[in-house]
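Asks: Just so you know, the working numbering puts the end of the sequence shown at 301, numbered straight through with nothing missing.
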Amino acid sequence: MKALWALAPAVLLLCACDNNNSNTVAEVAPKSPSENTVRACAFDPDSNDDKLHPEIELNIAEDPIFIESTTLPMEDIDLQAMAEEERMLAAFAVMPFTVPAFSDTFAGLMSSFICTREHFELNKCNWEASDAMFQHPMRVQTEFNGPQSFVSTIQSKKTGQWQTMLVAQGVLGDIGNGTHVYYEQGIPAVTRTFTRDSSGKETIAYASELTNWTATESANCSGNMSFSDIKDGRTIAFAAQWSFNGNRTSGSLEYSDSSWDEAVKLEW
């Protein structure tokens, strides 16, 4: 995930290098260093251990929200220690833990097109590109509401007409708070709302017609998650909470499937 997001600024700069860009908003005053940072659960950029760490200092203008602590219980729940008949059900029960990571991968790629303080300073919040880098022409249109708030609309031209892919609302200088609405064939399909407060608590809420989930993690990498999904006439529900001691998680979850006789409950 760290590598994926690191590519995002390069992608934007490559595709937005020669267009009639305009920010059309008053210059935004820089924040002091203390206002720009928060301590949260994250990978340590100064470490090569590729592990999550509590209380890592993040720059709110540069570091996006990824609820990555949901991957920790997957590593700590020992399915092999369970009886064979329990193991299969438990394998289904832990799968929702993977949902935020898949969602964040797509969100990270799309977010590379959205206006940020860095893009604003480079005058790259409005652009249009039609080159080999994209299968279809792309454009970003950004409107500002005052010196900080903005709405970016990302569109592609697949059938001769511009079609909206994403509408993103946010605040310059703080990419940890905002709302992204993703479109399918020009129709709003998914709303992703995310928040990060001064204590380092991060929350992502994903809402669509059939799939809904909310995941929260604190600065010490403890967290909770709820998930529901409707598929093929079945309803799946999941709720979990976990704490982290710096090495391992402990917690509990409950997973239910409307086609099953009873819910699966796990503690670890």
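In this text, a Cβ means the ideal position worked out from N, Cα and C, and glycines have one as well.
Computed from a predicted structure; not experimentally measured.
With Ala-273 and Ser-285 assumed to form a contact (beta carbons below 8 Å), what rounded beta-carbon distance in angstroms separates them?
Replies: 7 Å between Cβ atoms; contact.
Asks: Would you decide whether Arg-120 is buried or exposed? Buried here means 16 or more other CB atoms lie within 10 Å of its CB.
Replies: Exposed, by the Cβ-count rule.
Asks: So, using beta-carbon positions, are Phe-271 and Ser-259 closer together than 8 Å?
Replies: Yes.
Asks: Could you check the C-alpha separation between Val-58 and Ile-110 for me, to the nearest Å?
Replies: Residue placement at Val-58 is poorly supported in this model, since its pLDDT is 47, which falls under 50; the coordinates still yield a value, given next. Whole-angstrom Cα-Cα distance: 51 Å.
Asks: Return helix, strand or coil for Gly-284, following the three-state DSSP convention.
Replies: Three-state DSSP puts Gly-284 in a strand.
Asks: Check this for me: beta carbons of Ile-147 and Gly-203, under 8 Å apart or not?
Replies: Their beta carbons are under 8 Å apart, which means Ile-147 touches Gly-203 by this criterion.
Asks: When the Cα of Arg-225 is compared with those of Gly-219, Asn-210, Ser-231, which residue comes out closest?
Replies: Comparing Cα-Cα distances from Arg-225 to each of Gly-219, Asn-210, Ser-231, the minimum goes to Asn-210.
Asks: If we call anything under 8 Å between Cβ atoms a contact, is Trp-246 one with Val-132?
Replies: Going by C-beta atoms, Trp-246 is nearer than 8 Å to Val-132.
Asks: How close, in whole Å, do the beta carbons of Arg-229 and Val-127 come, if the pair is a contact with beta carbons under 8 Å?
Replies: Contact flag wrong, Cβ pair sits at about 26 Å.
Asks: So what does DSSP say about Ser-261, is it helix, strand or coil?
Replies: Residue state, collapsed to three classes: strand.
Asks: Along the chain, where does the beta strand (DSSP E) containing Ser-185 start, and where does it finish?
Replies: Here the beta strand (DSSP E) through Ser-185 covers 182 to 190.
Asks: Nearest by alpha-carbon distance to Tyr-216: which of Gln-168, Leu-199, Ser-163, Gly-206 is it?
Replies: For Tyr-216, the nearest C-alpha among the options comes from Leu-199.
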